[in-house]
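Enquirer: I'd like to ask you about the structure that follows.
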């Protein structure tokens with residue numbers, strides 16, 4: 001009997017199907033980027049193995065090896081590892097549910113973190129004060145820039161060092177993507193932006209101007225904004241808006257919490 005050899009999809013093709021499935025469910029761009037970046041990193045790991053890894057090779061042993069790889073390559077702590085693991089878990093469960101892939105079901109458990117503290121995040125009331133757009137004609141550039149930066153934090157969830165090193169050329173308005181560099185893991189990644197932030201960043205860049213290699217979030221004199229300068233600027237901006245909280249990490253925690261809720 002002649003058997004028909006049906007080509008099985010590779011992990012990158014399955015990832016494309018997975019992302020399309022999530023987009024059809026109207027998940028936020030930040031959540032889609034979260035899945036894409038973390039699952040792509042997992043696929044990069046599979047390519048370091050001596051053999052070609054297919055979806056049928058994905059099991060608990062491979063996931064454990066991936067966690068070891070993350071720790072060795074990026075020095076991930078428990079919180080960062082679990083953030084990556086949540087994305088992989090959703091992807092694996094998606095593959096298990098697909099009848100055409102025939103993956104043996106297994107559970108993926110998060111790593112225990114007994115020292116984990118409740119993360120500080122901004123309340124809805126605090127954000128409503130911070131996100132009220134200043135009158136561009138009556139305010140200083142620094143105040144307007146700080147407002148744009150806070151909108152950026154809530155779009156990309158980026159760290160301080162990443163933020164101050166963004167250049168004008170890292171903003172792709174046509175494709176609505178920002179290219180960022182993660183100084184903790186030392187790799188480049190992209191974040192999508194739509195709707196409201198697209199209008200915000202287009203307007204800001206029209207006012208900011210400058211050369212492609214100039215830093216996006218500069219001082220009023222067009223110079224690079226330091227990390228300490230950014231922290232101080234956010235403290236002043238928040239206090240003038242009647243918000244005592246000024247932790248920049250709290251913006252990232254807010255984005256992470258939204259992603260975790262939407263991915264459940």
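Residue numbers (UniProt numbering): 1 to 264. Note that beta-carbon positions come from the ideal geometry of N, C-alpha and C, so glycine has one too.
Give every residue of the same chain whose Cβ lies closer than 7 angstroms to the Cβ of residue 242, excluding the five residues on either side of it in the sequence, and list them in chain order.
Expert: 129.
Enquirer: In terms of alpha-carbon separation, which member of 146, 228, 168, 131 lies closest to residue 211?
Expert: Comparing Cα-Cα distances from residue 211 to each of 146, 228, 168, 131, the minimum goes to 168.
Enquirer: Rounded to the nearest angstrom, what separates residue 183 and residue 189 at their Cα positions?
Expert: If I take the Cα positions, the gap works out to 11 angstroms.
Enquirer: If we call anything under 9 angstroms between Cβ atoms a contact, is residue 82 one with residue 113?
Expert: Yes.
Enquirer: If contact is defined by three or more beta carbon pairs under 8 angstroms, each pair taking one atom from either stretch, is the segment 188 to 202 in contact with the segment 159 to 175?
Expert: Touching, per the Cβ criterion.
Enquirer: Rounded to whole angstroms, what is the Cα-Cα separation between residue 132 and residue 225?
Expert: So the alpha carbons of these two residues sit roughly 23 angstroms apart.
Enquirer: Taking the continuous beta strand (DSSP E) assigned at residue 182, which residues delimit it?
Expert: 177 to 182 is the extent of the beta strand (DSSP E) around residue 182.
Enquirer: Can you give me the C-alpha to C-alpha distance between residue 105 and residue 19, rounded to a whole angstrom?
Expert: Each residue's Cα considered, the two are about 21 angstroms apart.
Enquirer: What's the gap between the Cα of residue 142 and the Cα of residue 234?
Expert: Their Cα atoms are separated by approximately 10 angstroms.
Enquirer: Can you list, in chain order, the stretches of the beta strand (DSSP E) that have 3 or more residues and sit fully within the UniProt domain "Tyr recombinase" (117 to 264)?
Expert: With a minimum length of 3 residues, the continuous beta strand (DSSP E) runs that stay inside the UniProt domain "Tyr recombinase" (117 to 264) are 177 to 182, 187 to 192.
Enquirer: Candidates 101, 185, 146, 125: which alpha carbon is nearest residue 135's?
Expert: Residue 146 is the option with its Cα nearest to residue 135.
Enquirer: Please confirm whether residue 85 and residue 111 have their CB atoms less than 9 angstroms apart.
Expert: Yes; because the gap between Cβ atoms is below 9 angstroms, this pair is in contact.
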